[in-house]
Each structure stands twice: as C-alpha cells, then as structure tokens.
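Working notes, beginning with the structure itself.
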Amino acid sequence: GQNIDQPTEMTATEGAIVQINCTYQTSGFNGLFWYQQHAGEAPTFLSYNVLDGLEEKGRFSSFLSRSKGYSYLLLKELQMKDSASYLCAVRDGDYKLSFGAGTTVTVRA
Amino acid sequence: DAGITQSPRHKVTETGTPVTLRCHQTENHRYMYWYRQDPGHGLRLIHYSYGVKDTDKGEVSDGYSVSRSKTEDFLLTLESATSSQTSVYFCAISEGVYSNQPQHFGDGTRLSIL
Chain S
1 GQNIDQPTEM
11 TATEGAIVQI
21 NCTYQTSGFN
31 GLFWYQQHAG
41 EAPTFLSYNV
51 LDGLEEKGRF
61 SSFLSRSKGY
71 SYLLLKELQM
81 KDSASYLCAV
91 RDGDYKLSFG
101 AGTTVTVRA
Chain Y
110 DAGITQSPRH
120 KVTETGTPVT
130 LRCHQTENHR
140 YMYWYRQDPG
150 HGLRLIHYSY
160 GVKDTDKGEV
170 SDGYSVSRSK
180 TEDFLLTLES
190 ATSSQTSVYF
200 CAISEGVYSN
210 QPQHFGDGTR
220 LSIL
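Shown next, in the form of structure tokens:
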C-alpha cells in the first residue's frame, strides 16, 4: 500500500511562517498535491509539484524532492483564516490519489 | 467553484438499511470519485469512474457499490449499512488524471449509521 506521513498538528503565531512536511513511499509517482480543508468543509486545491524544486503561489509555496520522497508546504505571513487542515496527496503509478491523514494548523493571535 | 452537488448533505439511518448517496456535476468531467474521510485516516478512495458505465474499485470498496449511467451523476450505494460505515463521504471530479489536473471536491455528506 501507499504510505504518506505528515505531522498531526502544528501551532504558529499570526504573521509567522510555518512549514508542513510530507514524506511518502508509493508505488510509482505522478505528482504531489496539497489541499487545504477548513473544518466541516470540502478540501480545496492549493498546489501541485511533479518536478523537483519550489513552486510559489503568493503566500504559499510547495517544494518537492522526488529522490528523497519528500515535500513541504510553506505558509508565510500567517493569517487567522489559514487555520485549517492541510492534506498532502500523491498521485501514484496508477494515477490514483493517496492522501496523508492531514496536518491541523492553528494560528494564534 | 467546481459545479459539484452532493445529496443528501446529512443522513442518519439504521444498521442493515440500504443507503444511496448522489454526486451531480455540471462540469462534464470524465473522472468521478467517492472518498470517505475518518479521523486519523485522511481521505480514502472507495470507488471511481473513468466514464459512463466504467467504474473500478479503490482502497476501501468492500460493502459499497457504484453506478454511473450519465456523465453528470455518480451514485454510491451501501447495500446494507453497518456502523463502521459512519463517516463523511466526499465526491470528487477531475478533467483528467495527467499533468496538473487536480481533483475538485463536493461539500460532503455526513452519514451516521446507528
């Protein structure tokens, strides 16, 4: 089966930076996605990496190292509305998505 | 926002009863998926469809069946619901499975089996 690990919880202060790590072991690799999910809501797409390196989208950046089976999502200039669960998902060799259990980020004033 | 509607949004039923959840899309996307989300497990794929009448099993398909008779509708059926199937169910759609085509999710159905 697929194995995708990310921390369960993280807490940070408004205006700070938080880095959410994701490690994976999957049968095949066809891209890595990050989703944001507010409590009681649907996951929403944040970013996609398929090549090694950093992808930047405003306050959010995502990094991938395929040789290490590692990705991170960087959230800068944290705002209260960033309090949510962040899901790492890997598209495997069969082009299906496998999700990590999610990291709950709490932003404190 | 992706045009995805799940119904019902909430349902409470008893063990042993049949339950059908509906996912309706207005995007004309080829791929549709059913996931369940439970604490500590993240999203797990139940079944997916890659076209009308074309479906396949996911990671946790036991106890579930699906049907897709039209591009826009994907139905998930629990033939005889059990308490272990209490969960939040999400439908997702995607235009394709290649490149940077992400899946987009519906608002979910909260199902409680008593």
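Read top to bottom, the protein sequences are chains S and Y. Residue 43 in the numbering used here sits at position 43 of the first sequence, with consecutive numbering throughout. Converting from the second sequence to the numbering used here requires adding 109 to each position, the first position being numbered 1. Using N, Cα and C, we set each Cβ at its ideal position, and we do this for glycine too. These numbers were taken from a predicted model, which means no experiment stands behind them.
Can you list, in chain order, the residues of its chain whose CB lies under 8 Å from that of residue i, leaving out five sequence neighbours each side?
| i | result |
| --- | --- |
| Met80 of chain S | Glu14, Val107 and Ala109 |
| Asp92 of chain S | Gln2, Thr26, Ser27, Gly28, Phe29, Asn30 and Ser98 |
| Ser88 of chain Y | Not covered by the structure: residue 88 of chain Y. The range shown for chain Y is 110 to 223. |
So, for residue i: in the same chain, excluding its five sequence neighbours on each side, which residues have a beta-carbon less than 7 Å away from its beta-carbon?
| i | result |
| --- | --- |
| Met10 of chain S | Val18, Ile20, Thr103 and Val105 |
Taking C-beta pairs closer than 8 Å, name the residues in chain Y that residue i reaches, listed in chain order.
| i | result |
| --- | --- |
| Pro43 of chain S | Leu152, Phe199 and Phe214 |
| Tyr48 of chain S | Asn209 and Pro211 |
Sorted by chain position, which residues of the same chain lie with C-beta nearer than 6 Å to residue i's C-beta, five sequence neighbours on each side aside?
| i | result |
| --- | --- |
| Gly172 of chain Y | none |
| Ser174 of chain Y | Thr186 |
| Val169 of chain Y | Arg153 and Ile155 |
| Asp52 of chain S | Leu64, Ser65 and Arg66 |
At a CB-CB cut-off below 7 Å, which residues of chain S make contact with residue i?
| i | result |
| --- | --- |
| Gly217 of chain Y | Ala42 |
| Val206 of chain Y | Tyr95 |
As a quick exercise: from the options, pick the residue whose alpha carbon is nearest that of residue i.
| i | options | result |
| --- | --- | --- |
| Phe199 of chain Y | Y:Thr191, Y:Val161 and Y:Gln134 | Y:Gln134 |
| Lys162 of chain Y | Y:Glu181, Y:Thr195 and Y:Glu168 | Y:Glu181 |
| Leu78 of chain S | S:Pro7, S:Gln6, S:Thr8 and S:Ala12 | S:Ala12 |
| Thr87 of chain Y | Y:Thr114, Y:Ser158, Y:Glu188 and Y:Arg145 | The requested residue 87 of chain Y does not occur in the structure, where chain Y is confined to residues 110 to 223. |
| Ala16 of chain S | S:Thr44, S:Leu54 and S:Phe60 | S:Phe60 |
Mind pulling the chain Y residues with CB within less than 7 Å of residue i?
| i | result |
| --- | --- |
| Phe33 of chain S | Pro211 |
| Ala101 of chain S | Gly149, His150 and Gly151 |
Apply the 10 Å Cβ neighbour rule to residue i and answer buried if 16 or more other Cβ atoms are within range, or exposed otherwise.
| i | result |
| --- | --- |
| Ser67 of chain S | exposed |
| Gly40 of chain S | exposed |
| Asp82 of chain S | buried |
| Thr164 of chain Y | buried |
| Leu223 of chain Y | exposed |
| Thr218 of chain Y | buried |
Pairing CB atoms from the segment 118-136 of chain Y with CB atoms from the segment 21-31 of chain S, are three or more of them under 8 Å? no
Validate contact between the segment 125-140 of chain Y and the segment 204-211 of chain Y using beta carbons, cut 8 Å, 3 pairs: yes
Would the segment 29-48 of chain S count as touching the segment 211-221 of chain Y if we require 3 or more Cβ pairs under 8 Å? yes
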